[in-house]
Each structure stands twice: as C-alpha cells, then as structure tokens.
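To convert, note that position 50 of the sequence shown is 50 in the UniProt record's numbering; the numbers rise steadily by one, no gaps. Just so you know, even glycine gets a beta-carbon here, dropped at the ideal spot from N, CA and C. Below is one structure; the comments refer to it alone.
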Amino acid sequence: MFDVHEQAMEGERGSDYVNAKMEFEQQIALLTVVPHRSKQQSLPRSHSYRMCSAVSAFESGPRPPDSSLNGHLSASSRVSNEIWTHIFRISLTPQFSGKEKYVSLIRASRVCNRWRHLILTTPSIWTLLYGLSPREIMHIDRLMIYAADCPVDIEIDCTDSFRRDYSAAGLTLFQHMSHITSLSLMFSVRHMESWHTMKEALTVRAPILRTFKISFMGSGVTLPSGLFGDFAPMLLNVTGQIRLLPRRCNAFSNVVQFTVLHDTKCPREEEARTLMSVCPRLEALVLDSPVVDSPYNFGNVSKERFLCQERIYGGSHRLKHLSVADIGELRVPRRRLSRSSDNREPGSLRFVIPTIQLFGYEHIRSLHIIWARSATFKFIAKRMSQIKHLTLDQSSDAKMVLVDQEQKERMFSGISNVLLSTVLRTASIFDELQSLTIGDLGTHGAWADLLARPYPKLLSLTVVVAVTRYSTSSWVPVFQTLDDRVVTCKALTTLRFCHQRRLPDSNVHGFSPLTISATKTVEIIRARLDLGARKLRQLVLEGVLFSEDDPASDVVELRSYVENIVFM
C-alpha cells in the first residue's frame with residue numbers, strides 16, 4: 001500500500017524516506033492509538049455528534065502530554081515531518097479510513113503535540129474531501145477550515161436513504177467555490193430538498209474548477225443556465241447525464257471531454273445537439289450506449305437518420321477521442337405462431353452495422369468501442385494501416401488495443417470469445433507488428449493461436465503479470481503454451497514483465513510484490529524464443545521480482561542470455 005513512487009510529492013528521496021518505508025508497518029499502527037482515558041478528554045460515543053465534538057476538541061480540552069507516549073514514539077522520533085505528513089495522507093485511503101474518512105486523522109491529532117501541530121497546520125492533508133460519510137458531509141464546513149485557502153477536491157453524495165440537512169454543505173460550496181478544483185455532486189429525486197440547497201451554490205463563479213461531475217437519479221431537473229456564474233475558464237472535464245444540460249451554458253465553453261453517466265440508452269437527437277452546442281470545443285466523448293437507437297426498434301432507421309447523426313457528431317471533424325457502445329448484430333426474435341400453423345420462421349438477421357460507420361471516424365485519433373462485435377472489428381481493421389502495436393488482455397475488462405503506423409488507436413473492451421478468435425486468426429494485420437503486450441487470455445487455445453505465427457519485426461514483448469485466485473505470486477499462463485512451440489522473433493530486443501495493478505486486497509501486513517521464476521525465464525529465453533543466435537538486449541522487471549525460491553545459479557545463468565537486467 002506504501003507506494004515508493006509517490007515520494008515525488010515530497011521532493012527528492014532521502015534517507016529518512018527509506019527508513020520510513022521500512023518502518024511503515026509499525027508506524028501506521030500508531031494512527032489509531034489514543035492515550036489513556038485518564039489523560040485525555042474522552043470522545044462521545046454518539047455517532048451523530050462524534051465528528052462535531054472531535055473537531056471542536058481541537059480548540060478546547062486537555063491535551064495529552066508527550067511523555068505519555070514516549071514508549072510508543074521513541075522509535076519514530078527520527079522520522080521527519082514530511083514523512084509523517086505523507087503517512088497521514090495514506091491514513092485517509094479506504095484501507096484505513098473505513099466509513100468515516102477523517103475520524104482516524106482526528107484521533108491521531110490527539111496522540112501527541114507533534115502530531116497535533118502537523119495535522120492541524122498542514123492544509124494539504126485536508127484537501128481531498130471525497131469518500132466522506134453523511135455525517136462528515138454535514139460538517140464539511142469544519143473540514144474546510146483546516147484546508148485554509150488550498151485548492152480542494154470535494155465530493156458530496158446526497159443519495160443517502162435518510163433525510164439529512166445539507167444546508168451547511170451548500171453554504172460551504174457557496175463560500176469556497178473559488179478554492180475548488182474538482183466538484184462531484186450526487187442527488188436523488190427522493191430528496192429534492194438537497195438539490196434546492198445546493199442549486200444556489202452552483203451559480204457562483206468557479207475560477208479554478210477543472211473537473212465537474214453531476215449525477216441526478218430522476219428526471220425533470222436541469223442545471224441552471226447561469227452555471228458557475230458563466231465563469232469557469234479552467235473547466236475541461238465534465239461527467240453527467242446529457243438531459244441535465246441547459247440550452248445555454250457559457251461555463252462549458254472550454255470543456256474538452258464529456259462522459260455520459262448512468263445512461264445506456266442512446267442520446268436523443270435534441271440532446272446530442274444540445275451537448276455539441278454547449279461544448280463547442282469538445283474533443284472527447286464517452287458514451288455507454290450506441291449512437292442511435294437501432295437495437296431498440298429492430299433497425300428501422302432511415303438513411304436520413306444516419307446522415308443526421310453524422311452531421312451532429314462528426315460533421316465538424318473535431319472529436320479526437322470517442323468511446324461508444326457497438327450496435328453490432330441484432331437478431332429479431334421469431335414471431336409467436338398458433339399451434340395449428342406449421343410455418344416455423346427462424347430468427348433472422350435484420351441489422352448489421354458498426355456504430356462507428358455512422359460518422360466520419362477516420363479523423364478520430366483514439367476510438368474506444370464497448371461490447372465490440374466481429375463485424376465492427378472487420379470493418380475497422382480493413383480501414384487501418386499496418387498495425388504496429390497490439391495489446392490483448394482478457395483478465396478483467398477484456399480489452400484489445402490496436403495502434404497503426406499513423407498512431408491511430410482503436411480500443412475494444414468487453415470483447416467476446418468470438419471476436420478474440422476472429423482477431424487471432426487475422427494474421428495479415430500483424431506482419432509489421434513491432435510491440436506486443438499480452439495479459440491473461442484465459443484459454444490455452446487462444447494463446448496457441450497468438451503465438452503460432454512468426455513476428456519478424458517484433459522489437460518489444462511485454463507480459464502483464466496478474467494476481468491469481470490462489471496466491472499473490474503468479475506465472476502468467478501464456479508460457480504454459482511455450483512448452484511445445486517456439487516463437488520466432490529474431491528482431492526482439494526487449495522482454496518486459498510488469499504488474500497489472502496493485503494487489504486488490506493488499507494491506508500493510510503481508511504485502512509483497514508479484515514474483516516470477518528466474519528458472520522459467522532462463523528456459524523461455526534459451527529455448528522458446530528464437531532470437532537468431534544472439535543475446536536479448538534487455539530484460540525489464542517493472543514492479544515484479546524474481547522468486548526467493550530460485551537458486552542463485554539460475555539468476556547468474558540468466559545474465560548470460562541477457563545483456564542488461566533492469567528493475568523498475
């Protein structure tokens with residue numbers, strides 16, 4: 001959980017930083033240590049007042065003397081204030097914060113005078129006000145006091161099942177909008193009073209706001225036409241439902257990315273026109289739906305309808321990134337016939353057209369197709385130049401990324417086994433492949449299809465090491481297929497192993513990086529990769545280590561096949 005790369009936030013790495021990394025498991029346990037009851041003012045057990053009382057205790061009430069914790073803090077006294085500040089930020093992550101994010105930090109401020117001073121006089125600790133509990137949201141004005149004038153990120157969720165008073169949160173937004181860089185608001189039609197409480201705050205100028213997310217579960221509500229006082233010059237990214245957009249919104253004049261939220265139905269023509277008009281500089285559009293509603297009316301869409309959609313989304317040729325669900329193939333269910341009828345009409349294919357075919361897509365640099373079908377892949381692959389980079393990963397979101405020699409990127413997510421089989425059997429598009437990244441394809445046959453062909457111009461092979469269900473260390477299943485075949489890649493210079501992501505259930509105790517077998521690596525480089533009687537120039541381990549069970553002789557032997565081993 002302690003990420004070494006985050007040390008950039010604190011400046012250059014020093015000896016204190018390394019010591020803190022080694023002692024972190026012991027230090028973080030102190031975040032929840034509270035002095036003996038006889039030496040501090042006990043916190044009320046009532047949950048409804050815990051937040052308010054704990055914050056007010058900062059300004060009044062007895063402080064525990066430093067001597068009461070000398071036994072606990074003697075080992076940590078050498079750690080610098082910068083490192084403790086970093087640890088306090090880590091304590092706010094979900095692994096530690098639980099339901100009430102800042103309670104542990106409040107308790108930590110009562111451990112000793114040093115911690116109290118650091119926590120209450122370091123505004124940067126209080127700038128990430130998201131993931132708050134309803135009680136913390138109700139007292140967000142108190143949290144903002146300690147953020148001072150620092151830019152803050154705020155998330156307010158008003159969809160709680162209980163009716164609560166969010167007037168303090170609305171007033172806080174009204175007073176501090178000039179200090180907010182990211183704002184996320186969630187409302188429900190069941191609690192309209194919370195919307196009316198916050199609505200006035202959305203009319204205040206937002207000079208440094210960069211990201212805005214609005215979610216309203218219900219209908220009949222639109223954002224105010226004078227959103228953010230028509231002044232949000234730095235606002236670039238917006239997430240929300242298109243139906244919430246007003247017909248005029250000067251605050252969105254610089255928005256370059258719009259992500260549609262909680263809407264799997266295609267935007268209506270009027271909504272699409274509103275979106276493109278209020279966001280004149282839009283470059284990236286993320287939809288979770290097809291562009292047109294053909295799957296919902298069995299493909300009865302006129303040619304004029306297609307041309308209209310093309311003019312709305314692609315006529316200006318300004319989009320650089322598009323994420324859209326695929327229409328793909330639609331089969332009409334057969335009609336219900338009477339028992340006396342002998343006519344058994346099977347389901348027939350009525351509509352086969354890729355979503356991307358509806359507008360001038362060729363100018364779009366980055367294209368993301370969700371739930372892509374084989375017809376869409378074939379349509380796009382025929383219109384791409386030679387593929388230079390390929391990424392295949394079926395482990396989590398089942399994605400495939402193609403990048404051609406013109407640096408146009410086409411991503412397919414949620415790909416089916418049928419599409420995967422189609423891709424792996426389309427050998428002609430991989431003749432000029434220079435970079436290949438592979439994750440977990442799930443089946444032995446899929447790996448066999450991928451590795452059966454030669455890659456004469458392949459320069460870089462990256463293997464994504466993922467966590468298996470059974471252990472925190474795993475050897476990627478792809479190399480099980482190499483036991484009976486050799487991959488010809490005589491131009492290969494770099495073999496890279498990298499981790500897919502942090503361990504999903506990692507905590508402070510027992511955390512370890514992913515490991516691979518040095519013995520198996522030697523066997524693969526020596527016998528399973530045809531490098532043309534030469535050494536591999538570089539072996540890169542990014543977030544991955546050799547297993548401790550490997551004999552040292554195997555690591556030494558590995559260096560005889562690789563010119564350089566790089567650990568990152």
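Measuring only the C-alpha atoms, how far is residue i from residue j?
i, j, result
"E542", "R496", "7 Å"
"E155", "T274", "26 Å"
"I119", "D153", "18 Å"
"I214", "Y102", "24 Å"
"D549", "L451", "29 Å"
"I370", "V401", "12 Å"
"M411", "S109", "47 Å"
"H499", "V566", "15 Å"
"L244", "V465", "42 Å"
"G226", "L202", "8 Å"
"T222", "L92", "34 Å"
"I380", "E271", "27 Å"
"I524", "E563", "16 Å"
"G229", "F174", "12 Å"
"L128", "L183", "11 Å"
"V423", "K490", "23 Å"
"V189", "P224", "17 Å"
"A448", "A398", "18 Å"
"G532", "Q538", "15 Å"
"T488", "L185", "54 Å"
"N417", "Y130", "38 Å"
"M234", "L536", "47 Å"
"K320", "D165", "43 Å"
"I242", "E269", "11 Å"
"C249", "K520", "60 Å"
"F88", "D157", "24 Å"
"E200", "F231", "15 Å"
Who are the Cβ neighbours of residue i in its own chain at under 7 Å, not counting the five residues just before and after it?
i, result
"V256", "L236, R281, L282, E283 and A284"
"R163", "H191"
"D404", "M384, S385, Q386, I387 and K388"
"C279", "F252, V255 and F258"
"A552", "none"
"D160", "P134"
"N81", "L118"
"F377", "F412, L419, T422 and V423"
"R247", "T274"
Given that a residue counts as buried once 16 or more other Cβ atoms are within 10 Å of its Cβ, and exposed if not, what is residue i?
i, result
"E145", "Note on identity: in this sequence residue 145 is Ile, with Glu being the wrong assignment. I145 comes out exposed."
"S219", "exposed"
"P267", "buried"
"F187", "buried"
"G439", "buried"
"R142", "buried"
"G170", "buried"
"K382", "exposed"
"A527", "exposed"
"H262", "exposed"
"G240", "buried"
"V238", "buried"
"A206", "buried"
"S178", "exposed"
"M198", "buried"
"M276", "buried"
Which residues in the same chain as residue i place their Cβ atom closer than 8 Å to its Cβ, once the five residues preceding and following it in sequence are excluded?
i, result
"V522", "D554, E557, L558 and Y561"
"G515", "Checking the sequence shown, residue 515 turns out to be Thr, not Gly. The answer, listed in chain order, is S473, V544, L545, F546, S547 and E548."
Pull up the CB-CB distance for residue i and residue j, whole angstroms please, since I reckon it's below 8 Å.
i, j, result
"residue 571", "A372", "Because the chain here runs from 1 to 568, residue 571 falls outside it and cannot be looked at."
"A168", "I140", "7 Å"
"T494", "V544", "Their Cβ separation, rounded to whole angstroms, is 15 Å, which puts T494 and V544 out of contact at 8 Å."
"L458", "L492", "6 Å"
"V463", "D530", "The Cβ separation is near 17 Å, so there is no contact."
"T181", "I208", "5 Å"
"S413", "H368", "7 Å"
"L433", "L390", "6 Å"
Using a Cβ-Cβ cut-off of 6 Å (strictly less than) and excluding sequence neighbours within five positions of residue i, which residues of its own chain qualify?
i, result
"A518", "F546, D550, D554, V555 and L558"
"V286", "T259 and S323"
"E409", "S366 and V403"
"L392", "M400 and I438"
"A148", "P123"
"M568", "E542"
"H176", "M144"
"T172", "I140, D141 and M144"
"T121", "none"
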